[in-house]
Amino acid sequence: MTRTEPPPDPRTEEKSSPRRAPKPGRATAGSGRLAALLVSPTLLVLSIVVLYPTLMALKESLYGPKELDPRTGFISDSEPFVGLQNYAEIFGEAGARFFNAFWNTTFFTVVTVGLETVVGVAMALIMHKAFRGRALVRAGILVPWAVPTAISGLLWRWIFNSDGVANALLGQQILWTTEGFHAKVAVIVAEVWKTAPFIGLLVLAGLQVIPKEVYEAARMDGARPARQFWHITLPLVKPALLVAVLFRCMDALRMFDLPYILVGAQKHSVETLSMLAQNEAANVRFGPASAYAVILFLYVFLIALAFVRLLGADLIGGDSGRRRRRTEVAA
352 MTRTEPPPDP RTEEKSSPRR APKPGRATAG SGRLAALLVS PTLLVLSIVV
402 LYPTLMALKE SLYGPKELDP RTGFISDSEP FVGLQNYAEI FGEAGARFFN
452 AFWNTTFFTV VTVGLETVVG VAMALIMHKA FRGRALVRAG ILVPWAVPTA
502 ISGLLWRWIF NSDGVANALL GQQILWTTEG FHAKVAVIVA EVWKTAPFIG
552 LLVLAGLQVI PKEVYEAARM DGARPARQFW HITLPLVKPA LLVAVLFRCM
602 DALRMFDLPY ILVGAQKHSV ETLSMLAQNE AANVRFGPAS AYAVILFLYV
652 FLIALAFVRL LGADLIGGDS GRRRRRTEVA A
């Protein structure tokens, strides 16, 4: 008799036959198309909100103010093309006011962001501590950041009034909202009070993800609180802190509303580039105003680019994490 073999089980064949892995080229192309599809709405909005106004400002900066038409005696309907004359005038008659505004912008950015970083980190450490009434303290610290800048400027204008709270506490009569260095001090105090909680909030988010076991191990090794802060807390919250500082630098370079409301327009002591551009536009000098706006845009862009280039690895924690993993593997 011949022995008949049972038919092969299809389930066994499926298990034994290896599955074909997708080609890497197709997977990469599919991921690229999906990424482009997801990012396209953001790029569209940025093109409408940022790119188009920037190009129009660049175009407008190449034209001068409207002049009288000698044939009719009326103001001409079109603006004359002047090329780079609006930019060249920065080094001429209009240079003194421009460089003063440029200095004020840089000064306010460096001083306010530096103070906000120190105060914000202190706020984050306070809000991170576990104590009774912590929720109330957190709410109180974050209230200034939630107040609109215009309301904050009016509030501090009342405080720095000649018969306001500031002079009452100091026992002196200082005209804070007039020309002088005291006007800069008023703007700095109001700006730090308004935006230091923003840095504190981002640093607090970084503190929340630090494991408690790290501090317990440091205490067992005899590390004091100051040493724990410098060698544990600060390095671990560094990415969040750098992102907060970057955002604050970009915002401070565009400072307009707070000094405009607190001190006033056309004040030599506190006039920034944004205030200068607005004043030129209000006087129907759209060409110089657009030139100042373009220069301010380039200034902010270069500062942000340099910040990301120099501190990009710390912002995303990429290179340090890779080095740490390589060290662990080698060990």
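Read in order, the letters of the sequence shown correspond to residues 352 to 682 in the numbering used here.
Backbone N, C-alpha and C fix where the C-beta goes; we use that ideal spot for every residue, glycine too.
G491 versus F549, I583, A519, residue with shortest Cα-Cα distance: F549
Which of the three DSSP states is assigned to F432 in this structure? strand
Where does the unbroken alpha helix (DSSP H) through R508 begin, and where does it stop? 500-510
CB W507 to CB L613, shorter than 8 Å? yes
Return the CA-CA distance between L385 and Y403, expressed in angstroms with no decimal places. 26 Å
Should R636 go down as buried or exposed, given a rule of 16 or more other Cβ atoms within 10 Å for buried? buried
Euclidean distance between Cα positions of L553 and L493: 12 Å
Exposed or buried, R570, counting other C-beta atoms within 10 Å across all chains shown (16 or more means buried)? exposed
At the level of alpha carbons, what is the spacing between L521 and F511? 11 Å
Since A547 and V470 should fall inside the 8 Å C-beta cutoff, what is the C-beta to C-beta distance between them, to a whole number of angstroms? 4 Å
Among the residues of its own chain, which have a CB less than 6 Å from the CB of A628, if the five just before and after it don't count? A640, Y643, A644
Alpha-carbon spacing of G446 relative to I654, whole angstroms: 22 Å
Under the rule that 16 or more other beta-carbon atoms within 10 Å means buried, what is S503, buried or exposed? buried
Where R477 and K417 are concerned, what is the direct C-alpha to C-alpha distance, given to the nearest angstrom? It is worth fixing the name first, because residue 477 is Ile in this sequence and not Arg. Answer to the nearest angstrom: the Cα atoms are 57 Å apart.
Excluding the 5 residues flanking Q559 on each side, which residues of the same chain have their C-beta closer than 8 Å to its C-beta? H479
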